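Working notes, beginning with the structure itself.
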Amino acid sequence: MRLRKLLTTLTLAAVGLAAPLAAAAPASAAENRRVVVYYQTQYSNGTYVSPRPLTDNATGVTDVLVGAIHLNGDGIVTLNDNPPDDAKFDQMWSDLGAMQGKGVHVLGMLGGAAQGSFQRLDSQFDTYYPMLKNVISTHHLDGVDLDVEEQMSLPGVERLIDQLHTDFGSGFLVTLAPVATALNGGGNLSGFSYDALYRDRASSIAWFNAQFYCGWGSLSNTSGYDGVINHGVVPASKVVAGTLTNAANCGSGYVPMDTLKSTVSALSSRYADFGGVAGWEYFNSDPGGTAAPWQWAANMSAAMR
264 MRLRKLLTTL TLAAVGLAAP LAAAAPASAA ENRRVVVYYQ TQYSNGTYVS
314 PRPLTDNATG VTDVLVGAIH LNGDGIVTLN DNPPDDAKFD QMWSDLGAMQ
364 GKGVHVLGML GGAAQGSFQR LDSQFDTYYP MLKNVISTHH LDGVDLDVEE
414 QMSLPGVERL IDQLHTDFGS GFLVTLAPVA TALNGGGNLS GFSYDALYRD
464 RASSIAWFNA QFYCGWGSLS NTSGYDGVIN HGVVPASKVV AGTLTNAANC
514 GSGYVPMDTL KSTVSALSSR YADFGGVAGW EYFNSDPGGT AAPWQWAANM
564 SAAMR
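Note that the sequence shown covers residues 264 to 568 in my numbering.
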């Protein structure tokens, strides 16, 4: 995501805890109403942040995107600042596996603000793709979220998508995380046309986690999402509305919870096949803050009902 920090130890202050919520729908709820959570901060102030409260509290979470995976020029793969097999991640992989056992999809987020991974896949595919494949296989990921925030060719991203399905099957989830304007014919950070990509590979793309923040769109009302659907290329079933979970997580674009719930509820009513909501990021999500970040997902599930 744009402007996201690469350090896994952050010093953001906790926000206040909201009133308890009624139990939300389980993860087996209608698949097109996704509740997607980005999980990049695994340690906050040196303390491990477990994602398991998302299932322990029956929030309705459907997908957890763990990141960020980087294919580095030195031939080393990192998850943020450390190899994915580092002992510091042992508990995380165990917790994510337990969540998979409850029906939650776990995807690896590739790329983001730290550039290089996609340029290397574009120009040196045979060298760098096996590194990504190994991470997916070793940690039993259900999919990959391609967050292309650097120049990549259309043939390059299509080759990557094709190879992922060749190696892991048609059921493997390949998602992308473009800025919202990329899905309505406007500017984007990826170098290729998302309209062209979707027309070429629609059946191979599970959905888009569109970034409606940081100047690329907003969920303060429905107009940004409506513009994407009215553009007439990607259907609502494959457009997950990405938003910030805390005002500290990006330079601009945070939408207060009450306003966000109103927008999400309206979109759910307007589009029978509404794709759902994605939150950047988990560890400090409002309204629960660092004490109860799972409450964001529960609020979104409730808003979509």
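Beta carbons: idealized from backbone N, C-alpha and C, even for Gly. All values derive from a computational prediction rather than experimental measurement.
Point to revise | Bridge partners - Y301, DSSP secondary structure assignment | key: L328
Practice item. Just confirm the distance between the C-beta atoms of V367 and T318, as a whole number of angstroms; I'd bet it's less than 8 Å. Key: Right, their Cβ atoms sit about 6 Å apart.
Check your understanding: Which residues share a DSSP beta bridge with H402?
Key -> H402 is not bridged to any residue.
Check your understanding: Taking Cβ positions, are A561 and T322 nearer each other than 7 Å?
Key -> yes
Review point. With 16 other CB atoms within 10 Å as the buried threshold, where does A469 fall?
Key: Buried: at least 16 other Cβ atoms inside 10 Å.
Check your understanding: Based on the DSSP output, what are the partners of D458 in its beta bridges?
Key -> Answer is none; D458 lacks a bridge partner.
Check your understanding: Do A331 and Q303 have their CB atoms nearer than 7 Å?
Key -> Contact: yes.
Point to revise | Buried versus exposed, by CB contacts within 10 Å (16 or more), Q558 | key: buried
Practice item. Would you identify the three-state DSSP class for Q378, choosing helix, strand or coil? Key: coil
Check your understanding: By DSSP, does W543 sit in helix, in strand, or in coil?
Key -> strand
Exercise for review: If I'm right that L370 touches S380 with Cβ under 8 Å, what's the distance once you round it to whole angstroms?
Suggested key: That belief does not hold up - the Cβ atoms of L370 and S380 are roughly 15 Å apart, past 8 Å.
Review point. Does the beta-carbon of T506 have 16 or more other beta-carbons within 10 angstroms, so that it is buried, or is it exposed?
Key: buried
Review point. Near H419, which residues of its chain fall below 6 Å by C-beta distance, leaving aside the five closest residues on each side in sequence?
Key: Note on identity: in this sequence residue 419 is Gly, with His being the wrong assignment. Contacts found: D385.
Practice item. Check whether the region 489-506 touches the region 528-542, taking contact to mean three or more Cβ pairs, one atom from each stretch, closer than 8 Å. Key: yes
Review point. Which residues in the same chain as W356 place their Cβ atom closer than 7 Å to its Cβ, once the five residues preceding and following it in sequence are excluded?
Key: The residues are H402.
Exercise for review: Answer yes or no: do T243 and L523 have a C-beta to C-beta separation smaller than 7 Å?
Suggested key: As displayed, the chain neither begins before 264 nor continues past 568, which places residue 243 out of reach and without an answer.
Review point. On the three-pair Cβ rule with 8 Å, is the region 421-438 touching the region 452-468?
Key: They touch, by the three-pair rule.
**Study point:** Among E413, M520, L460 and T444, nearest to Q474 - alpha-carbon criterion
**Key:** T444
Practice item. List the whole-angstrom C-beta distance separating T508 from W479, where the pair is believed to meet the contact cut-off of C-beta under 8 Å. Key: Wrong, their Cβ atoms sit about 17 Å apart, outside the cutoff.
**Study point:** Residue environment, N397, which counts as buried when at least 16 other CB atoms sit within 10 Å
**Key:** exposed
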